[in-house]
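Trainee: My questions all concern the structure below.
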Amino acid sequence: MKARYTVVAAAVAGFAAGAVTIEQLHAQAKPPVFVVAEIDLKNLDGYQKEYAPKAQALIRKHGGKILAAGQNVHAIEGAPPKPRVAVQQWESMEQYQKYRSSAEFKENRKIGDKYATFRAFAVVGVPQP
């Protein structure tokens, strides 16, 4: 009988220790970074054929996630946004900056600049409970 209580007590203690450790790891994790890009198109066809597929592939290759992208944009307050908007998620500002400074990004942006002008900004996310 004592052996059963010992096993149960050890299991409960192990579970509690694991829960505390996981909670501490979550508390230490950096919040994600969200990048919002406003895109003023000069040539939609060229943008969609030559630039966008490569840009999206590079974002994914470098660890970013594309959360939203498109031209169905609605102003809620203030000035209307550019005709096209994209929202990306990155693990950290360092990861995003590494992507932006890559030779691949710079080479592809030369193509993008022929078809659009870009305005982008980043905001650090809020830790979630």
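By the count of this note's numbering, the sequence shown reaches residue 129 at its end, each step adding exactly one.
The C-beta atom is built at its ideal place from N, Cα and C for all residues, glycine as well.
Quick check on the burial criterion: 16 or more other C-beta atoms within 10 angstroms. Buried or exposed for Arg-60?
Mentor: exposed
Trainee: Do the CB positions of Gly-125 and Pro-31 come within less than 9 Å of each other?
Mentor: yes
Trainee: Can you tell me where the beta strand (DSSP E) holding Ile-111 begins and where it ends?
Mentor: Unbroken run through Ile-111 is the alpha helix (DSSP H), 103–115; no beta strand (DSSP E).
Trainee: Using 10 angstroms around the beta-carbon of Gly-64, count the other beta-carbons present and answer buried if the total reaches 16, otherwise exposed.
Mentor: buried
Trainee: In this structure, does DSSP put Ala-79 in helix, strand or coil?
Mentor: coil
Trainee: In whole angstroms, what separates the C-alpha of Val-87 from that of Gly-70?
Mentor: 9 Å
Trainee: Under 8 Å: do the segment 66–85 and the segment 99–112 share three or more Cβ pairs, one atom per stretch?
Mentor: By the Cβ test, the segment 66–85 is not in contact with the segment 99–112, since fewer than three Cβ pairs between them sit closer than 8 Å.
Trainee: Which of the three DSSP states is assigned to Ala-37 in this structure?
Mentor: strand
Trainee: Spatial neighbours of Leu-58 within its chain, please: CB distance less than 8 Å, with the 5 preceding and 5 following residues excluded, ordered by chain position.
Mentor: Tyr-99, Ser-102, Glu-104, Phe-105, Asn-108
Trainee: Using only the alpha-carbon positions, how far apart do Leu-44 and Pro-81 sit?
Mentor: 17 Å
Trainee: Which partner residues does Gly-131 have in the DSSP bridge list?
Mentor: Examination of residue 131 is not possible in this model, given that the chain is present from 1 through 129 alone.
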